[in-house]
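Heads up: the structure comes next, in structure tokens.
Protein chains: 2
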Amino acid sequence: MAERIAILTGGKAGEPVAAKTAVALIRYRRDEVVAVVDPGFVGRDLAALMPVLNAPPVVASVEEATTLGATAVYLGVATAGGKLPPELKPAVLDAAARGLRIVSGMHDRLGADADVAAAASRSQAELVDLRAEALAERTVATGGPIGGAFRVLTIGNDCSVGKMVTAWELTRGLIEAGIDAAFAATGQTGMMLSGGGVPIDAVVGDFLNGAAEALVRRHAHHQVTVVEGQASLLHPSYSAVTWGLLAGSQPHGLILCCEPGRPHLHGRPSLAVPDPVRLAAVVRASAGEQSGCELLGVAINGRRGRDDPDRLRAERERLERELGVPACDVVAEGPGALVEVVRAAADARAADRPAADAP
Amino acid sequence: MAERIAILTGGKAGEPVAAKTAVALIRYRRDEVVAVVDPGFVGRDLAALMPVLNAPPVVASVEEATTLGATAVYLGVATAGGKLPPELKPAVLDAAARGLRIVSGMHDRLGADADVAAAASRSQAELVDLRAEALAERTVATGGPIGGAFRVLTIGNDCSVGKMVTAWELTRGLIEAGIDAAFAATGQTGMMLSGGGVPIDAVVGDFLNGAAEALVRRHAHHQVTVVEGQASLLHPSYSAVTWGLLAGSQPHGLILCCEPGRPHLHGRPSLAVPDPVRLAAVVRASAGEQSGCELLGVAINGRRGRDDPDRLRAERERLERELGVPACDVVAEGPGALVEVVRAAADARAADRPAADAP
Numbered sequence: 001m002a003e004r005i006a007i008l009t010g011g012k013a014g015e016p017v018a019a020k021t022a023v024a025l026i027r028y029r030r031d032e033v034v035a036v037v038d039p040g041f042v043g044r045d046l047a048a049l050m051p052v053l054n055a056p057p058v059v060a061s062v063e064e065a066t067t068l069g070a071t072a073v074y075l076g077v078a079t080a081g082g083k084l085p086p087e088l089k090p091a092v093l094d095a096a097a098r099g100l101r102i103v104s105g106m107h108d109r110l111g112a113d114a115d116v117a118a119a120a121s122r123s124q125a126e127l128v129d130l131r132a133e134a135l136a137e138r139t140v141a142t143g144g145p146i147g148g149a150f151r152v153l154t155i156g157n158d159c160s161v162g163k164m165v166t167a168w169e170l171t172r173g174l175i176e177a178g179i180d181a182a183f184a185a186t187g188q189t190g191m192m193l194s195g196g197g198v199p200i201d202a203v204v205g206d207f208l209n210g211a212a213e214a215l216v217r218r219h220a221h222h223q224v225t226v227v228e229g230q231a232s233l234l235h236p237s238y239s240a241v242t243w244g245l246l247a248g249s250q251p252h253g254l255i256l257c258c259e260p261g262r263p264h265l266h267g268r269p270s271l272a273v274p275d276p277v278r279l280a281a282v283v284r285a286s287a288g289e290q291s292g293c294e295l296l297g298v299a300i301n302g303r304r305g306r307d308d309p310d311r312l313r314a315e316r317e318r319l320e321r322e323l324g325v326p327a328c329d330v331v332a333e334g335p336g337a338l339v340e341v342v343r344a345a346a347d348a349r350a351a352d353r354p355a356a357d358a359p
Numbered sequence: 001m002a003e004r005i006a007i008l009t010g011g012k013a014g015e016p017v018a019a020k021t022a023v024a025l026i027r028y029r030r031d032e033v034v035a036v037v038d039p040g041f042v043g044r045d046l047a048a049l050m051p052v053l054n055a056p057p058v059v060a061s062v063e064e065a066t067t068l069g070a071t072a073v074y075l076g077v078a079t080a081g082g083k084l085p086p087e088l089k090p091a092v093l094d095a096a097a098r099g100l101r102i103v104s105g106m107h108d109r110l111g112a113d114a115d116v117a118a119a120a121s122r123s124q125a126e127l128v129d130l131r132a133e134a135l136a137e138r139t140v141a142t143g144g145p146i147g148g149a150f151r152v153l154t155i156g157n158d159c160s161v162g163k164m165v166t167a168w169e170l171t172r173g174l175i176e177a178g179i180d181a182a183f184a185a186t187g188q189t190g191m192m193l194s195g196g197g198v199p200i201d202a203v204v205g206d207f208l209n210g211a212a213e214a215l216v217r218r219h220a221h222h223q224v225t226v227v228e229g230q231a232s233l234l235h236p237s238y239s240a241v242t243w244g245l246l247a248g249s250q251p252h253g254l255i256l257c258c259e260p261g262r263p264h265l266h267g268r269p270s271l272a273v274p275d276p277v278r279l280a281a282v283v284r285a286s287a288g289e290q291s292g293c294e295l296l297g298v299a300i301n302g303r304r305g306r307d308d309p310d311r312l313r314a315e316r317e318r319l320e321r322e323l324g325v326p327a328c329d330v331v332a333e334g335p336g337a338l339v340e341v342v343r344a345a346a347d348a349r350a351a352d353r354p355a356a357d358a359p
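First to last, the sequence lines map onto chains A and B.
Position one of the first sequence corresponds to residue 1 (the numbering used here), numbered consecutively onward.
Position one of the second sequence corresponds to residue 1 (the numbering used here), numbered consecutively onward.
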């Protein structure tokens with residue numbers, strides 16, 4: 001699916017959490033990204049604003065991006081409630097008028113905007129709404145045995161703490177270690193990276209567990225499936241999605257993602273971020289009680305902690321001690337420590353399992 | 001919303017669990033029900049087939065129901081995945097051709113069937129899809145304080161164990177005891193009874209917690225809100241809905257519903273029904289850990305137990321002992337015992353609460 005991508009960030013190029021989709025595309029599909037379109041950041045070095053190396057140029061318009069070869073625009077920001085941000089509309093409209101492919105992960109449909117729909121209709125621009133297909137998802141989970149791949153799910157004590165990045169880096173690390181591992185995307189950014197998956201937070205409630213179960217069944221022929229986690233079981237807004245994914249994907253192992261130093265829950269200034277140890281206890285007593293899934297490791301997002309490395313190290317050691325599993329910062333150090341625990345757990349399960357149950 | 005209702009049961013009039021919507025309409029909107037349409041059951045006494053008193057007549061066709069005055073047909077069965085059962089189509093089509101109001105709680109839209117849509121268009125029949133509006137639900141839960149009413153949620157260790165009936169009977173009992181209580185419907189049957197509510201299992205994942213929070217905010221001006229529970233936290237298929245409702249409605253108290261003697265999970269012959277004591281522990285360690293909600297009572301569905309009353313009594317005593325709360329069978333005995341514990345808990349909270357927090 002190689003293409004020539006311009007990423008729209010609509011004024012958020014300097015906010016790596018809001019522009020997390022842009023960050024992921026630049027990190028993991030860099031060869032295909034020709035530019036970021038964000039007029040307020042023209043001439044700035046994105047690598048100084050976002051946790052990326054080798055940043056693409058910033059241009060002022062979709063027109064300029066096309067002179068660099070862009071054939072597609074990707075909406076590079078995540079918004080509360082998945083609304084199409086008004087500040088992105090001019091660029092989206094311009095791209096539609098020029099017949100570019102437009103890829104969006106918003107709950108709002110691109111074509112729901114009459115101007116965009118009309119422009120795309122005239123130019124034959126392809127409008128790709130990654131979350132739209134989720135409404136057609138009508139699988140009811142069986143809860144029955146899945147077999148095949150060892151399943152790992154990333155969980156987090158908040159939104160935007162690194163569940164997608166950890167799952168992606170872990171998958172890459174497992175593959176580099178010679179293991180047949182697959183990344184199972186459950187969100188729009190993961191889908192933009194992998195070209196597959198299901199936007200689980202856009203699935204209707206009754207079919208949420210089923211969408212997760214169907215997703216892992218489709219990956220059962222691999223040795224290891226790494227499922228991208230969503231939100232947090234203790235986030236007030238989106239925890240139904242987290243629970244459905246935990247129940248439906250029937251993970252064998254969990255990687256807990258957290259960002260030490262975060263001042264409050266994402267988008268909820270009055271709510272504290274739960275201690276990862278508390279989250280682990282809640283998950284163990286609920287989803288763990290059901291499926292027997294085990295915590296295998298902790299993924300530390302060191303973004304905020306790098307200013308105070310002693311404190312970050314102390315928190316990491318506390319989590320390793322209290323949770324009894326290794327921790328690592330997959331961006332700073334690579335996923336090696338997590339690759340090892342996942343490989344060991346997958347091997348242990350394969351050894352335990354009767355041959356008849358083999359994939 | 002008084003109307004003249006014919007209930008369609010499509011061959012399921014003898015199956016009270018499948019026809020649970022019919023049972024609820026006959027129990028709680030009996031004055032408006034003129035007939036049940038189910039050709040295979042003409043002349044049978046429904047009271048011998050379903051747990052209802054004063055059953056309406058069974059007729060063979062929608063045409064006959066109209067001779068009894070029917071102006072509306074209600075789909076009286078619940079199906080896995082909310083699919084429109086093919087055996088109901090002839091009657092639905094007939095009703096559409098006759099211009100009757102048709103009320104459905106299926107995930108499948110009535111108008112998605114081209115024949116039904118065409119017939120309704122010709123006759124101007126009103127097609128009411130209770131679950132359809134849920135897709136427009138786009139509230140993101142805040143997790144912030146709600147205030148006002150004391151909130152009670154019914155939970156269950158399986159689907160179809162009596163969460164709706166318990167919530168309805170409890171609300172009625174509270175009102176009879178002079179308390180300003182309101183029933184907050186979360187499913188199609190509850191909506192058919194109350195004329196309001198939200199079909200929470202049809203809401204998109206990201207907005208599930210939000211739909212529950214918005215529902216209880218709309219009822220905050222009452223003294224007590226009784227929220228109809230959905231599915232079970234330990235049911236493999238639909239537990240995302242249960243979790244979203246538990247988190248979003250921020251209940252103060254829970255009533256645990258169960259049906260002793262049930263051989264396996266609803267629709268899942270290979271899966272055992274979880275012990276209610278186990279469910280209570282999981283809920284306490286997860287949703288309870290978050291919100292501090294407390295188990296107030298147990299609602300025993302005695303349907304299967306009445307053949308062996310000693311065993312039913314022993315199970316009831318065990319649950320009371322192990323859970324430390326009173327149990328009652330709201331259908332056999334009325335909701336008195338639950339009314340008392342809810343009233344006491346609501347009073348205790350009102351006494352604790354600073355005046356500034358009063359509604």
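All C-beta atoms in this analysis are idealised placements derived from N, C-alpha and C, irrespective of residue type, glycine included.
Values in this document were obtained by computation on a predicted structure and should not be read as measured data.
(1) Between the Cα of A:R278 and those of B:R268, B:V283 and B:E289, spot the shortest distance and give me the residue it belongs to.
(2) Looking at the structure shown, is B:A358 part of a helix, part of a strand, or coil, going by DSSP?
(3) Decide if A:T67 is buried, meaning its Cβ has at least 16 other Cβ atoms within 10 Å, or exposed.
(4) Checking contacts by CB at 9 Å: is B:S104 closer than that to chain A?
(5) Specify, as a first and last residue, the run of the alpha helix (DSSP H) that B:S104 falls within.
(6) Tell me whether B:N157 is buried or exposed, calling it buried when 16 or more other Cβ atoms sit within 10 Å of its Cβ.
(7) Quick check on B:D275 - is its C-beta less than 9 Å from some C-beta in chain A?
(8) Which chain A residues are close to B:N209, counting only those with a beta carbon under 8 Å from its beta carbon?
(9) Identify, in the order they occur along the chain, each residue of the same chain with its Cβ nearer than 8 Å to the Cβ of B:R101, setting aside the five sequence neighbours on each side.
(10) In terms of DSSP beta bridges, what is A:D129 paired with?
(11) Starting from the C-beta of B:R311, find all residues in its chain whose C-beta is less than 8 Å away, skip the five residues before and the five after it, and write them out in chain order.
(12) Is the segment 196 to 204 of chain A touching the segment 221 to 234 of chain A, taking contact as three or more C-beta pairs under 8 Å?
(13) Should A:S123 and A:H266 be called a contact, given that it needs their Cβ atoms to be closer than 9 Å?
(14) Report the start-end ranges of each beta strand (DSSP E) in the segment 40 to 126 of chain A that is 3 residues or longer and not cut off at the edges.
(15) Along the chain, where does the alpha helix (DSSP H) that runs through A:L323 open and close?
(16) Starting from the beta carbon of B:Q290, find every residue of chain A whose beta carbon is closer than 8 Å, and list them in chain order.
(17) Given a limit of 7 Å on CB to CB distance, which residues of the segment 20 to 44 of chain B reach chain A?
(18) Does DSSP classify A:E294 as helix, strand or coil?
(19) For a test of the three-state rule: what should DSSP assign to A:G173, helix, strand or coil?
(20) Can you name the residues of chain A whose CB is closer than 8 Å to the CB of B:T142?
(21) Are the beta-carbon atoms belonging to B:V116 and B:A182 less than 9 Å from one another?
(22) Taking the C-alpha atoms as reference points, what is the distance between B:E213 and B:A141?
(23) Per DSSP, A:F150 forms a beta bridge with which residues?
(24) Under 9 Å between the Cβ atoms of B:A240 and B:L208?
(25) Look at A:V58 and A:K12 and say whether their C-beta atoms are less than 9 Å apart.
(26) Is the CB of A:L271 under 9 Å away from at least one CB in chain B?
(27) Check the DSSP bridge columns for B:R268 and list the partner residues they point to.
(28) Along the alpha helix (DSSP H) that carries A:V273, what are the first and last residues, could you check?
(29) Looking at B:L135 and B:S104, is the spacing between their C-beta atoms short of 9 Å?
(30) Alpha carbon to alpha carbon, how far is B:D108 from B:D31?
(31) Using a Cβ-Cβ cut-off of 6 Å (strictly less than) and excluding sequence neighbours within five positions of A:V227, which residues of its own chain qualify?
(32) What do you get for B:E176, buried or exposed, if any count of 16 or more other CB atoms within 10 angstroms of its CB means buried?
(33) Against chain B, does A:S121 count as a neighbour if the rule is that its beta carbon must be under 9 Å from one of theirs?
(34) To the nearest angstrom, how far is it from the Cα of B:A91 to the Cα of B:L8?
(35) Going by CA-CA distance only, name the one from A:A149, A:E137 and A:V37 that's closest to A:A350.
(36) Using a C-beta to C-beta distance shorter than 7 Å, which residues of chain B count as neighbours of A:S249?
Working from what's here:
(1) Among B:R268, B:V283 and B:E289, the Cα nearest to that of A:R278 is on B:E289.
(2) Confidence is the limiting factor: at B:A358 the pLDDT is only 44, short of 50, which leaves the residue's position unreliable, though a coordinate-based value still follows. Taken through DSSP and simplified to helix, strand or coil, B:A358 comes out as coil.
(3) Exposed: under 16 other Cβ atoms inside 10 Å.
(4) Output row for B:S104: interface = no.
(5) Element bounds for B:S104: not the alpha helix (DSSP H) but the beta strand (DSSP E), R101 to S104.
(6) The residue is buried, with at least 16 neighbouring Cβ atoms inside 10 Å.
(7) Output row for B:D275: interface = no.
(8) Residues of chain A passing the Cβ test: P236, S237, Y238, S239 and A240.
(9) Non-local C-beta neighbours of B:R101 in its own chain, meaning closer than 8 Å and more than five positions away in sequence, comprise E3, T71, A72, V73, A125, E126 and V128, ordered along the chain.
(10) DSSP output for A:D129 lists A:S104 as bridge partner(s).
(11) Counting only Cβ-Cβ distances below 8 Å, and skipping sequence neighbours, we find P260, G261 and G305.
(12) A contact exists between the segment 196 to 204 of chain A and the segment 221 to 234 of chain A.
(13) No, Cβ-Cβ distance for A:S123 and A:H266 is not below 9 Å.
(14) For the segment 40 to 126 of chain A, whole beta strand (DSSP E) runs of length 3 or above, ordered along the chain, are 72 to 75 and 101 to 104.
(15) From DSSP, the alpha helix (DSSP H) with A:L323 extends over P309 to L323.
(16) By Cβ distance, chain A contributes L234 and V282.
(17) The segment 20 to 44 of chain B vs chain A, Cβ under 7 Å: nothing.
(18) The answer is strand: DSSP assigns A:E294 an E or B state.
(19) Of the three classes helix, strand and coil, the one that applies to A:G173 here is helix, per DSSP.
(20) Neighbours of B:T142 across chain A, judged by C-beta separation under 8 Å: P236, S237 and R268.
(21) Going by beta carbons, B:V116 and B:A182 fall outside the 9 Å limit.
(22) Rounded to whole angstroms, B:E213 to B:A141 spans 6 Å at the Cα level.
(23) Within the DSSP secondary-structure output, A:F150 pairs in a beta bridge with A:V224.
(24) Cβ distance < 9 Å, so B:A240 and B:L208 count as in contact.
(25) No. Outside cutoff.
(26) Answer yes: the Cβ-Cβ gap between A:L271 and chain B drops below 9 Å somewhere.
(27) Paired residues: B:L265.
(28) Element bounds for A:V273: n/a, residue is neither H nor E.
(29) Between B:S104 and B:L135, the C-beta gap is not smaller than 9 Å, which leaves the two residues out of contact.
(30) So the two alpha carbons sit approximately 29 Å from each other.
(31) Closer than 6 Å at Cβ, skipping near neighbours: L153, A184 and S249.
(32) By the neighbour-count definition (other C-beta atoms within 10 Å, threshold 16), B:E176 is an exposed residue.
(33) Chain B has no Cβ within less than 9 Å of the Cβ of A:S121.
(34) One alpha carbon belongs to B:A91, the other to B:L8, and they sit about 8 Å apart.
(35) Between A:A350 and the set A:A149, A:E137 and A:V37, the nearest pair of CA atoms involves A:A149.
(36) What A:S249 touches in chain B: nothing, since even the nearest Cβ is about 11 Å away.
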